[in-house]
Amino acid sequence: MNHDAEVRVESRAYEEFKEFNGRKYTGMKVGGSHKWYYDKGTWNEKKITPDKWELTYAANKKRAWDAPEGSGVPVGTEYHWYILAHQNVRKLDANNYATSMTGTKYKLAHKRAGKLNWNTNDNQQRKQLIQILEDLIVELKSEIIEDAK
Numbered sequence: 001m002n003h004d005a006e007v008r009v010e011s012r013a014y015e016e017f018k019e020f021n022g023r024k025y026t027g028m029k030v031g032g033s034h035k036w037y038y039d040k041g042t043w044n045e046k047k048i049t050p051d052k053w054e055l056t057y058a059a060n061k062k063r064a065w066d067a068p069e070g071s072g073v074p075v076g077t078e079y080h081w082y083i084l085a086h087q088n089v090r091k092l093d094a095n096n097y098a099t100s101m102t103g104t105k106y107k108l109a110h111k112r113a114g115k116l117n118w119n120t121n122d123n124q125q126r127k128q129l130i131q132i133l134e135d136l137i138v139e140l141k142s143e144i145i146e147d148a149k
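Residues 1 to 149 (the numbering used here) are what the sequence shown spells out, left to right.
Set out below in structure tokens:
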């Protein structure tokens, strides 16, 4: 198969229905991965309580390697993700910190290019997020190691 034919197959495959644990979906197959480089972004944070901060972060991101021509979603497609992450920070000097994040992101909604509306409304997204968080609580509780008595 030549490269152009491979790209057409990948592009078609992206929009084809797939199944995971009985749920149908489109997009990248489960197990696929991306690597991104973020431009110099802006992270703003405000302390709300002794242990709680609100944050905003904005940056452009670029693929580590070029996408195959014609693959993926059309330009203009938007996503709403909810991210749960550990941020580990080490102070290097008065003004610099080494920072890393590991976590999970969940797709709450998408808006196809050229469409005015998202695929779900705000209430549906809230209900989905509540379910995600409730499932996570159950998972975390199951991982608690009881102290030896």
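The beta carbon of each residue, even a glycine, is placed where N, CA and C say it ideally should be.
Open item on the list: On the CB-based measure, 16 or more other CB atoms within 10 Å of its CB, does L140 come out buried or exposed?
Closed with: In the sequence shown, counting from the first residue as 1, residue 140 sits at position 140. Exposed, because fewer than 16 other Cβ atoms sit within 10 Å of the Cβ of L140.
Task: Reduced DSSP category for V138 - H, G, I as helix; E, B as strand; rest coil - done: Your numbering for residue 138 matches position 138 in the sequence shown. In the structure shown, V138 sits in a helix (DSSP, three-state: H, G or I).
Task: Where the beta strand (DSSP E) containing S100 begins and where it ends - done: As a first step, residue 100 is located in the sequence shown; it is residue number 100 there, counting from the start. Residues 97-111.
Open item on the list: Check for me: the beta strand (DSSP E) holding W65 runs from which residue to which?
Closed with: As a working mapping, residue 65 is identified with position 65 in the sequence shown. Taken as a continuous stretch (DSSP letters only), W65 belongs to no beta strand (DSSP E), as it is neither H nor E.
Task: Simplified DSSP assignment, three categories, for L84 - done: Numbered from its first residue, the sequence shown carries residue 84 at position 84. Strand.
Open item on the list: Does K47 come out as helix, strand or coil in the three-state DSSP assignment?
Closed with: Position 47 of the sequence shown, counted from the first residue, corresponds to residue 47. In this structure, K47 counts as strand in the three-state DSSP scheme.
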